[in-house]
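Before any comments, here is the structure.
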Amino acid sequence: MKKIILTAAIATVFAANVSAADAPKELNLGILGGQNATQQIGDNQCVKAFFDKELNVDTKLRNSSDYSGVIQGLLGGKVDMVLSMSPSSYASVYINDPKAVDVVGIVVDDADKSRGYHSVVVVKADSPYKTLADLKGKSFGMADPDSTSGFLIPNQSFKKDFGGSVDDKYNGHFSSVTFSGGHEQDVLGVLNGQFDGAVTWA
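Counted the way my numbering counts, the sequence shown spans residues 20 to 221.
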């Protein structure tokens with residue numbers, strides 16, 4: 020059932036934009052940045068194969084080093100579609116050009132039957148940090164300014180809890196706040212000692 024719904028939804032988007040005679044032969048599928056590029060391409064080969072078969076197109080996987088690359092791809096017409104686009108990234112596109120993006124919503128249950136995801140703060144397991152208060156005066160990593168779980172949600176939470184903004188390190192609560200470029204980089208930054216704590220999703 021999900022396969023049929025997904026194919027029908029995407030076909031509807033295509034049909035709204037082109038006539039049958041001008042049906043696209045290529046689908047440029049944007050992959051949000053912030054993770055290992057080689058792994059991203061490998062992980063999405065099954066998605067490429069699915070679209071190639073179901074839509075009779077040659078799907079090109081277009082990944083970027085950061086969220087902004089996919090956003091600019093949509094705005095510039097270089098990317099046709101993005102899977103799992105974050106609300107923050109969608110808003111960035113919509114604010115610049117409402118006609119550059121449409122939403123095709125598909126409900127997908129996780130293996131544990133939950134829906135959605137959460138922002139979480141990670142620290143080394145053997146660190147003394149148990150709460151955000153413990154990270155006062157410590158270095159902190161954020162994923163990307165266009166990431167919902169990696170910046171937008173924690174940013175609002177930190178502003179409420181500590182005041183200030185990312186520019187003043189939330190009233191100096193943290194010694195530094197750095198955008199690492201993505202969730203994977205945040206976690207690696209903690210493991211490698213670049214950050215005492217960082218935010219990612221779960």
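C-beta: ideal position from N, C-alpha, C; glycine also.
- Residue 70: member of the alpha helix (DSSP H) spanning 64-74, first to last residue.
- Our two residues, residue 171 and residue 44, have alpha carbons roughly 36 Å apart in a direct line.
- Going by C-alpha positions, residue 193 is about 35 Å away from residue 60.
- Judged by DSSP secondary structure, residue 105 falls outside any beta strand (DSSP E); it is assigned neither H nor E.
- Within 10 angstroms of the beta-carbon of residue 187 lie fewer than 16 other beta-carbons, which makes it exposed.
- Straight through space, the alpha carbons of residue 161 and residue 197 are spaced by roughly 6 Å.
- Residue range 158-161 is occupied by the beta strand (DSSP E) that includes residue 160, with no alpha helix (DSSP H) assigned at that position.
- A direct Cα-Cα distance of roughly 49 Å separates residue 142 from residue 42.
- For residue 87, the closest alpha carbon among the candidates 115, 190 and 176 is that of 115.
- When the alpha-carbon of residue 163 is set against those of 213, 105, 77 and 117, the nearest one is in 105.
- Residue 211 carries a coil assignment under DSSP once its states are collapsed to helix, strand and coil.
- CA-CA distance, residue 133 to residue 93, rounds to 30 Å.
- Just so you know, the alpha carbons of residue 213 and residue 111 end up roughly 29 Å apart.
- Per the coordinates, the alpha-carbon of residue 117 lies some 10 Å from the alpha-carbon of residue 109.
- In the DSSP assignment, residue 77 is bridged to 45.
- Per the DSSP secondary-structure output, residue 217 pairs in a beta bridge with 141 and 160.
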